[in-house]
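Here the numbering used here is used: the first residue of the sequence shown is 12, the next is one more, and so on. Following: one structure in structure tokens, then a few remarks.
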Amino acid sequence: MAILFRSTPAATARWRPLLGELMPEHEFRFWPEIGDPAAIEYAMVWQPPPGLLASLPNLRLICGLGAGIDHLLRDPELPRHVPILRLVDPYMTDAMSEYVALQVLRLHRQDLDYLAQQRAQIWEEREQKNGAERPVGILGFGTLGQDAGRKLHALGFPVAGWSRTAKEIAGFATYAGADGLDALLAKSEILVCLLPLTAATESILNAGLFARLPRGAGLVNAGRGGHLVEADLIPALDAGRLSGAVLDVVREEPLPAGHPFWSHPRIIVTPHIAAETHPPTAAAIIRDAIRRFAAGQPVANLVDPAQGY
Ligand code: NAP
Ligand code: GLV
12 MAILFRSTPA ATARWRPLLG ELMPEHEFRF WPEIGDPAAI EYAMVWQPPP GLLASLPNLR
72 LICGLGAGID HLLRDPELPR HVPILRLVDP YMTDAMSEYV ALQVLRLHRQ DLDYLAQQRA
132 QIWEEREQKN GAERPVGILG FGTLGQDAGR KLHALGFPVA GWSRTAKEIA GFATYAGADG
192 LDALLAKSEI LVCLLPLTAA TESILNAGLF ARLPRGAGLV NAGRGGHLVE ADLIPALDAG
252 RLSGAVLDVV REEPLPAGHP FWSHPRIIVT PHIAAETHPP TAAAIIRDAI RRFAAGQPVA
312 NLVDPAQGY
């Protein structure tokens, strides 16, 4: 029995020594050297080439090397009968919350304006609210959204979360569905997107949604690039409809040279680093899940393919 590992060359170099140490009972095949495909029962993958998983006739479990699994569902040849495990790692959750807290604080404390003032050597104070007066809305109130929400709440921000199914979570205003979205948007001075990319959430961050936010709201997208209608962002910023946008994810990654997002004064771009997979913790989580699966025990965090996340 063998496990296929496929990720970027840099990630593969980081994972390779850990896997042999943590899972000595398994033989690892590192893509593209997969050997006999019939021997592979488990696959640990990030953005596998389309058709790769379908070429493994005895595959029993697909372990995504990230929290989001849209990269797997995009494969038209994905073997739909094979269960998919997504990565839920508290280390990664903490990282995302740090990122969200940092970016919400930057928008809240008018960091873009002060950076511009510094470049122009302008020493001038701006009117500033407290966090308690700056409601934050989080689209996607799951593992990452709720943790980020708790940490923003601890900083004093009123936090509301939007999810697909209704929830009651002490300390938060929670919303679900289309009506719920309107209510959340109406009061979100900073909007954070931590949604999975699915047919229902694709292009959700668009001009129509921006128009339902309070004028001058800030946006943080750490979900997926496909959530944002990119052509709608700069017009919304230039019109003052939005005051700033932080993008950790974009439709084409890396963001192409010369893309207007690189140089727009009210856009902060980071290279999809909000919550990177952390091999030392992730490898142990996946090892335990594979052991449970192999023993026929229930495994947490299996994806619901019908919902797309
Ligand atoms: P999760 O636990 O599955 O949470 C997803 C949340 O989105 C849930 O609250 C879910 O609602 C909600 N949702 C899904 N479809 C919806 C819809 N149509 N309408 C309203 N809400 C909807 O996932 P997670 O672990 O928090 O991860 C979320 C996403 O973050 C990932 O899929 C990935 O795209 C992104 N991510 C980005 C990075 C990065 O570095 N930038 C790192 C990790 C993850 P229910 O609660 O009702 O199911
Ligand atoms: C990263 O984007 C992930 O989904 O883990």
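C-beta atoms are modelled at their ideal positions from N, C-alpha and C, and glycine is treated no differently. Fair warning: this is a prediction, and the values are worked out from it, not measured in the lab.
Say yes only if the C-beta of residue i is nearer than 8 Å to one or more non-hydrogen atoms of ligand 2, and no if none qualify.
i	result
T288	yes
M103	yes
A78	yes
L313	no
V359	This structure cannot speak to residue 359, because the chain is shown only from 12 to 320.
H283	yes
L98	yes
Can you give me the Cβ contacts of residue i inside the same chain, cut-off strictly under 6 Å, excluding the 5 residues immediately before and after it?
i	result
P225	E200
V93	L70 and I73
A177	A187
L63	none
Y53	I14, L72 and I301
R40	A13, L15 and G46
W42	R17
R303	V310
Near residue i, what residues of its chain come up, given a Cβ to Cβ distance below 7 Å and the 5 sequence neighbours on each side ignored?
i	result
R262	G236, G237 and E241
D100	H289, T292, A293 and I296
Q128	E135
H283	D259, V260 and E264
P48	S66, L67 and P68
M34	R298
Name the DSSP bridge partner or partners of residue i?
i	result
F16	F41 and M55
W173	L150 and Y186
A256	L230 and I278
L239	L216
L116	Paired residues: none, contrary to the question.
L126	Bridge partners of L126: none, in fact.
L266	According to DSSP, which records beta bridges pairwise, L266 is partnered with nothing at all.
L313	L96
Give me the residue from the options with the minimum Cα distance to residue i.
i	options	result
T19	L258, A250, M107 and M55	M55
K162	P207, A112 and A13	A112
V314	Q139, H82 and A131	H82
I215	D243, A228 and Q318	D243
W273	T23, M34, A181 and A256	A256
L67	E88, A78 and R303	E88
E38	M12, A233 and P48	M12
F168	H119, I80, L208 and E213	H119
M103	L76, R91 and Q121	L76
E36	D299, A311, N312 and G307	D299
G142	I133, H164, L155 and Q318	H164
L155	A50, L248 and N232	N232
P146	A131, T209, P267 and G229	G229
Q157	L126, A181, E138 and E144	A181
E1	P60, G234 and R130	Summary: the structure shown does not reach residue 1, with the chain confined to residues 12 through 320, and so no result is reported for it.
R137	E144, Y125 and Q129	Y125
N217	L248, P207 and K198	L248
K198	R175, P207 and R223	R223
I279	R117, I133, G319 and Y320	R117
Q326	P271, I245, L266 and R277	Since the displayed the chain opens at 12 and closes at 320, residue 326 lies outside it and no answer follows.
L208	Q308, G227, G319 and I133	G319
R239	A211, G227 and A250	For clarity, residue 239 is Leu in the given sequence; the question names Arg instead. Among A211, G227 and A250, the Cα nearest to that of L239 belongs to A211.
A22	D105, W57 and A305	W57
Please indicate yes or no: does the CB of residue i lie closer than 8 Å to some heavy atom of ligand 1?
i	result
A112	no
T292	no
L208	yes
T212	yes
G151	yes
L205	yes
A187	yes
S18	no
W173	yes
D81	yes
T23	no
R235	yes
K162	no
Y320	yes
L202	no
L220	no
Run the proximity test for residue i: is its beta-carbon closer than 8 Å to any non-hydrogen atom belonging to ligand 3?
i	result
D193	Within the structure as shown, ligand 3 is missing, the only ligands being ligand 1 and ligand 2.
Identify, in the order they occur along the chain, each residue of the same chain with its Cβ nearer than 8 Å to the Cβ of residue i, setting aside the five sequence neighbours on each side.
i	result
W173	G148, I149, L150, G151, F152, T185, Y186, A187, G191, L192 and L195
L98	C74, G75, L76, G77, A78, T288, A293, I296, I297 and N312
A159	M107, S108, V111, A112, I149, V203 and L205
K140	H119
Comparing the C-beta of residue i with each C-beta of chain C, is any distance below 9 Å?
i	result
E88	Chain labels in this structure do not include chain C; a single protein chain is all it has.
If we require 3 or more residues per run, which beta strand (DSSP E) segments fall completely within the region 197-236? 201-204 and 228-232
What runs of the beta strand (DSSP E), each 3 residues or longer, lie entirely inside the region 21-95? Secondary structure in the region 21-95: the beta strand (DSSP E) runs of 3 residues or longer, each lying completely within the stretch, are 38-41, 51-56 and 72-75 in chain order.
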